[in-house]
Structure formats: C-alpha cells, structure tokens
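Asker: So that you can map any letter, position 532 of the sequence shown is 532 in the UniProt record's numbering, and since no number is skipped, the others follow by simple counting.
Glycine residues also receive a C-beta, built at the ideal position from the N, C-alpha and C atoms.
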Amino acid sequence: MKSFEWTNPYPSHRIPLFARNVVSTSHPLAAQAGLRILLKGGNAVDAAIAAAATIVLTEPVSCGLGGDCFALVWDGKELHGLNSSGVAPAAWTVDYFKQKYGTGADGLAKQPKRGWDAVTVPGVVAGWAALHEKLGKLPFDQLFDPAIEIAERGYSVPPVVAHKWAAAASELRDQPGYAAAFMPNGRAPAVGEHFRFPDAANTLRRIAQSKGRDFYEGELAERIAAFSKECGGAMTLEDLRNYKPEWVKPISKSYRGYELNEIPPNGQGIAALIALGICERFDLADMKVDSLQSQHVQIEAMKLAFADLYRYVADPRSMEVTPEQMLSDAYLDSRAKLIDLDRATHFQAGRPHAGGTVYLTAADENGMMISFIQSNYMGFGSGVVVPGTGISMQNRGVGFSMDPKSANVVEPGKRPFHTIIPGFLTRGGKPVMSFGVMGGDMQPQGHLQTVIRMLDYHQQPQAACCAPRWKVNRDFTLDVESTMNQAVVQGLKSMGHSLKSVDDPYMDFGAGQFIWRLHENDNELGYVAASDTRRDGQAVGF
C-alpha cells in the first residue's frame, strides 16, 4: 500500500472519497447513474456505460451520442484496451476537400472546423456495446434506465456546463439541427434552468434494445445518412455499417517502480509516456514539489514529447516509426540530454532509430476497474445534430492533415490523430489507478503532472488533482494557471519560457477523475477517489 501525504496544500472544497465501489465523473448525475447500476449488482464496466450514457445529456458541451471513446479496463486478471474512435467516410480524400473548399495560402486543401465535413464515423455507441459484450454483467438495456429517465424528466443545468453552453451557442446556432436541439427558447439554458431532451430518450431506447446496432444499421443509421445527404455531407449508410471498434494492446512505460499504461496511436497517450520516460532521467524527488526547477524539467520533457507526437503520430498503419522505437531507453536518454536546466529550449522532433471531452472512471469491490473517455471534440463538436434523435456529431475530422506527405493525411477508412486518452497505472502488472485528465492537448500533460505528484511527491489523488497546472501549447508557448506561485511564474519567464495569459480553466487546464486502489492484493480495502474542482462533478461510492 502506498503511503500518501493526506493533507491538501491547495485551495479546494473536495476531499478524497474512500469506498469499495466507486464512480467518479465530471457531473454528479452521471456519477450517481453509475452508482445506481453498481447497487443493482452491475460491475464497473456496467457502471461506466450508464455514466457515459447519462453524461451525453448532462454535459452535452463535451460529448454526445455521435462522439468517440477509448477505454482501459482491468478485468481482475489483465488490462484490456479499446479504441472506438471514428474513421473517415469512404469519400474523404485530399481531392474531395480541395474541390469542395479550395486551397489555403499554404497550398493545402482547406478543411472545415464545423459541419458535416468535420464528422468522422461516430464510435462511442459501438464502444459501449463492445465493452458490454466482452466485460459487462447486467443486461445491456438496463444500463440506460438512468439516462432515459433524465432525458425525459430533465435536469437543472450546473454552472460550468451553462458557461460553456452559452459560449458555444453563438458560433454553432446555424449548424444543421443545433438550435432546435440545444437552444430552447432561442438561447442556451441558464444556470439552474431545466433542460429536457426527449429526442435523446427515444434514441437511447433504440440503442439499448438493439445493443447499439440500430445506430449503425437500423432506423437511426438511416436517419443519420439521410441527414448527411440532405446537408451535402459525405457520410453514408455503408460508412456506418462498416464501422468496427478495435481491441488493442496497451502501451506502457515504467516510472519509479510503476507502469503508466496508455492506448497506442492514433491517440496522444504516447506523449505522456515519452515525457514521463524523460523525467525519470532526473531526480525530481530532490526538487521541491512546486519548485521552479521541478516545473521546468516537466515542461521541457513535455515539449520534447509533443515535438515527436506532432511529427510522427497518426493511424498506426501509416506511421513511419513504431511506438516501441519512440519509447526506447536509448532514444529517451538522447532526448533527456537536450534539456538545459537553466534555460527553456524550442525543440524539434527527434529521429527514433528505425526498426471540449469527458473522462470518467469506475471500480467495483471485485477488483474490476475501468478508465473511460468519450468526446465530441471542440465542445459540442461539429455542431450538427440529427433532427429528432438528439444525436450530436463530433468533429474529429479536424484531426486529419491535408498534407499528402503527412502520415496523418486524410484517407478513406482511416482514423485521424486523436486527443482523448484514458490512463491506467499498474505496479508489477497489478492494478493501481484508473485515471484521466480531459481537455484537448492538456490530456497527456495532465497525466504527466498528476502522476509525478503522486509518485515522486506522495501527494494524495485529490491534492494532485487540485494542484495548479501548466500547459504547453501547439506553438510551444506556455499557459499557467492563476493559482500557480507567482515567484515560479516569474522564474519560468526569466528562463525563457513564453507565457500566455489564460482565463478559461475548463478547457485550458483540463479536469481529472482518479481512482487509486488502496492495496494491490486485497479488494476488501477498496479505493480512494478524487474528482476535479474545475468541473461540476464528484466521486461517489459505497
């Protein structure tokens, strides 16, 4: 059993939750939906599906029925990985976008950020069904009872969700189907206002009764394809019918006697592994937890990881290097040597030797643990909502490149570079923690920062979650949370880090959920859980 420092030195109104059965999500009603399923005799996977179905209603600003998902599941004996991210419609090529939208100043085809031509084939419903078929316990249809009840009766919109809803409405109101679904009374709901979603209730029933197949080959699929055609989109019924999620082997990297496990590419989990592997080359424990030196090393490691991530990661069938090559000890040694302990550096990609999201987690008293994440990307995603269904579509197509030379170039049936990543910590191959930190590019950075706080500095999960965060941007500038020590902030500036001013903690610094197993060999001792104060959520248990 790990010895944590149980105090929390950071401002917070949350305390750790101790229980034998736990669900932790970014919305209380979703957490309670999962708990209801556990109380009925369901397992952690059942609870996660119930929570996931509920949160598409209670946090539509982050996910929807037309989104994608990933999962890492400890079934009591081994760790399973599920990639249920969407693929490009069969019509999508560089020429498709060039002919339809023209080219930009860089000579590459333009691609839209919203609308049907940003939508890949949704994977979330197929992911729920795949998880249940392999690892579920209760009948599939029972898992949707809490979500259907909330869709029909409605709920009062909480503060963080209301804020993001209002911010998105002005941009998305003209997207097909958006206003009718998400702007009752012609605007976004206010804090405390009641929101009902009966169209989604009917869709959830069809999903529950068909074990998800109606979404891909039944009436729902036909309505999706018909609306795509009506709006000039490329997605067809055949695209939906051909979709299949994929069970994958997790990739991992050891750190301080533990192993951090991630989903392999097309996701960005490998960036967390690269950064953590680089940080292991430094004695962080000898640096104070919130010190300038500790933060600088972690930031530089993250920049090195991102330089390689943006250069190499794509659908694994198109990558020119393998994850194993990117994570080799020799390569990480060479990358760690590039860090100057006194100055910030702008790193380029190395050359390995050839050879808007919601996160939730659940664990049960029998030892099953699930790390689950689903997303529409960029808040509501594409802004497209299929009329009469409550199905809001993601915009993961934005993750493709239009550069024919890129490994991530758009092609039919291909998965784009993906940001959402579940995390799972093991020790000697035994389960320790299911966790995740949502928020676009913040996700691998959140994994890195929270894991280091727990393993190097022995901070308990809620403290590690509440601590101030930094974020490396795509242009390698740096955002820091307002709660970070100002002496450290000034120190980072003096070392050459280029800082930006940020006032949006919802997106820019992510939000996490954590379940730590109190003893690796004894289920009876249960778990300790944490839920991020940056969202409306909570950890619940019994």
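Can you name the start and end residues of the alpha helix (DSSP H) that N202 belongs to?
Answerer: Here the alpha helix (DSSP H) through N202 covers P198 to S210.
Asker: Do T389 and D199 have their C-beta atoms closer together than 8 angstroms?
Answerer: Closer than 8 angstroms, so yes.
Asker: Which whole-angstrom value describes the C-beta separation of G381 and S392, a residue pair presumed to lie in contact below a C-beta threshold of 8 angstroms?
Answerer: 6 angstroms between Cβ atoms; contact.
Asker: Expressed to the nearest angstrom, what Euclidean distance is found between the alpha-carbon atoms of Y506 and H194?
Answerer: A caution first: Y506 carries a pLDDT of 45, below 50, which makes its placement in the model too unreliable to give a value.
Asker: Please classify F195: does DSSP put it in a helix, a strand, or coil?
Answerer: F195 falls in the strand class under three-state DSSP.
Asker: Please report the distance separating the alpha-carbon of S228 from that of T236.
Answerer: C-alpha separation (whole angstroms): 7 angstroms.
Asker: Could you pull out every residue in the same chain whose Cβ sits closer than 7 angstroms to the Cβ of D141, ignoring the five residues on either side in sequence?
Answerer: Closer than 7 angstroms at Cβ, skipping near neighbours: A208 and Q209.
Asker: Might you give, ordered along the chain, the residues of its own chain that have their beta carbon closer than 6 angstroms to the beta carbon of Q538, omitting 5 neighbours on each side?
Answerer: Result list for Q538: P28, A31 and S531, in chain order.
Asker: So what's R153 in DSSP terms, helix, strand or just coil?
Answerer: Helix, per DSSP.
Asker: What did DSSP end up calling Q486 once you bin it into helix, strand or coil?
Answerer: Q486 falls in the helix class under three-state DSSP.
Asker: Taking DSSP's pairing of strands, which residues face Q374 in a bridge?
Answerer: Its beta-bridge partners are C69 and V358.
Asker: Just the C-alpha distance for P461 and A275, rounded to the nearest angstrom, thanks.
Answerer: About 20 angstroms.
Asker: Taking the C-alpha atoms as reference points, what is the distance between G212 and P122?
Answerer: When rounded, the distance between both Cα atoms is 12 angstroms.
Asker: Which residues in the same chain have their Cβ closer than 7 angstroms to the Cβ of F282, if we skip the five residues on either side of it in sequence?
Answerer: V297.
Asker: Considering only residues of the same chain and omitting the five flanking positions on each side of L327, which have a CB-CB separation below 8 angstroms?
Answerer: If we look at L327 and ignore the five residues flanking it on each side, its Cβ neighbours are I251, K253, I270, L273, I274 and G277.
Asker: Using 8 angstroms as the threshold, is the segment 428-447 in touch with the segment 513-524, meaning 3 or more CB pairs across them?
Answerer: Yes, the segment 428-447 touches the segment 513-524.
Asker: Just reading off the beta strand (DSSP E) that H13 is part of, what are its end residues?
Answerer: No beta strand (DSSP E) contains H13, which DSSP labels as neither H nor E.
Asker: Does the separation of the CB atoms of G86 and Q374 fall below 8 angstroms?
Answerer: It is not a contact, given that the beta carbons lie outside the stated cut-off.
Asker: Within the continuous beta strand (DSSP E) that includes D479, where are the two ends?
Answerer: From DSSP, the beta strand (DSSP E) with D479 extends over L478 to V480.
Asker: According to the neighbour-count rule (16 or more other Cβ atoms, all chains shown, within 10 Å of its Cβ), is residue 543 buried or exposed?
Answerer: Coverage of the chain is limited to positions 1 through 542, which leaves residue 543 absent and any answer about it impossible.
Asker: Measuring straight from C-alpha to C-alpha, what distance separates V189 and A151?
Answerer: Note that residue 189 is Pro in the sequence shown here, rather than Val. Whole-angstrom Cα-Cα distance: 15 angstroms.
Asker: What first and last residue would you give for the alpha helix (DSSP H) that runs through P444?
Answerer: M442 to L455 is the span of the alpha helix (DSSP H), which, as asked, contains P444.
Asker: Looking only at its own chain, which residues have a Cβ that is under 7 angstroms from the Cβ of T203, when we skip the five neighbours before and after it?
Answerer: Excluding residues within five positions, the ones whose Cβ falls inside 7 angstroms are L65, L220, T389, G390 and I391.
Asker: For R343 and Y310, I'd like the C-alpha separation in whole angstroms.
Answerer: Near 23 angstroms, if we compare the C-alpha coordinates of Y310 and R343.
Asker: Is G355 buried or exposed, if buried means 16 or more other CB atoms sit within 10 Å of its CB?
Answerer: Its pLDDT being 47, under 50, G355 is placed unreliably by the model, and the measurement read from it follows with that caveat. Exposed, since its Cβ has fewer than 16 Cβ neighbours within 10 Å.
Asker: List the residues that DSSP assigns as beta-bridge partners of H418.
Answerer: G267, per the DSSP bridge assignment.
Asker: Helix, strand or coil: which one does DSSP assign to F4?
Answerer: If DSSP states are grouped into helix, strand and coil, F4 belongs with coil.
Asker: On the criterion of 16 or more Cβ atoms from any shown chain inside 10 Å, does G429 qualify as buried, or is it exposed?
Answerer: The residue is exposed, with fewer than 16 neighbouring Cβ atoms inside 10 Å.
Asker: Mind checking whether A52 and W128 have CB atoms under 8 angstroms apart?
Answerer: For A52 and W128, yes; Cβs fall inside 8 angstroms.
Asker: With distances taken Cα to Cα, identify the nearest neighbour of H132 among Y155, V73 and F97.
Answerer: That would be V73, whose Cα lies nearest to the Cα of H132.
Asker: Could you tell me whether any Cβ in chain D is nearer than 8 angstroms to the Cβ of G390?
Answerer: The question asks about chain D, but that chain is absent: this structure has only one protein chain.
Asker: Quick check: the Cα distance between residue 546 and V124, rounded to an integer number of angstroms?
Answerer: Only positions 1 to 542 of the chain appear in this structure, which leaves residue 546 out of reach.
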